[in-house]
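Residue numbers (UniProt numbering): 1 to 147. Glycine included, each C-beta is placed from N, C-alpha and C at the ideal position. Structure record follows, encoded as structure tokens.
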């Protein structure tokens, strides 16, 4: 039997055998990229508006990323290979995706094709929020293999 390094097999803070105290720590505000990427470990968005202002509609980004994530089948999932590519595209006021292109190659043609395909298959999203005044939304999505 392996030793845990603790007396009598105890673990600090577990099973009530140790007293622990916790301080309340103020949680820093999460960036919009972090919020929308929860549950989507392989894609990270970098979102810009046509005018360069920030895009503050996280619910819309969740829709966008979930749709793309459903279309993406990472050919190197569960392998010990690290690849990254960035795909650029635009979304018009009506939610149509266009101008899809590879902005940064991973160096692997198959991987690049799957990332572009994931965005292209999304085709149409809900219209951009009415409060959003620009004509289109510029999106840069970073696709990563599991690390």
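Candidates the options, of which the one nearest residue i by Cα
{"i": "residue 57", "options": "144, 145, 131, 140", "result": "131"}
{"i": "residue 79", "options": "125, 136, 120, 111", "result": "111"}
{"i": "residue 95", "options": "74, 114, 85, 60", "result": "60"}
{"i": "residue 74", "options": "102, 91, 113, 55", "result": "113"}
Coarse secondary structure for residue i, derived from DSSP in three states
{"i": "residue 85", "result": "strand"}
{"i": "residue 70", "result": "helix"}
{"i": "residue 121", "result": "helix"}
{"i": "residue 102", "result": "strand"}
{"i": "residue 144", "result": "strand"}
{"i": "residue 113", "result": "helix"}
{"i": "residue 60", "result": "helix"}
{"i": "residue 137", "result": "strand"}
Straight-line Cα distance separating residue j from residue i
{"i": "residue 76", "j": "residue 137", "result": "30 Å"}
{"i": "residue 107", "j": "residue 63", "result": "29 Å"}
{"i": "residue 117", "j": "residue 126", "result": "19 Å"}
{"i": "residue 102", "j": "residue 91", "result": "16 Å"}
CB of residue i within 9 Å of CB of residue j, strictly
{"i": "residue 145", "j": "residue 82", "result": "yes"}
{"i": "residue 84", "j": "residue 128", "result": "no"}
Close Cβ partners of residue i (< 8 Å) along its chain, the five nearest in sequence each way excluded
{"i": "residue 119", "result": "68, 71, 87, 89, 97, 100, 141"}
Neighbourhood of residue i by C-beta distance below 6 Å, restricted to the same chain and skipping five residues each side
{"i": "residue 121", "result": "71"}
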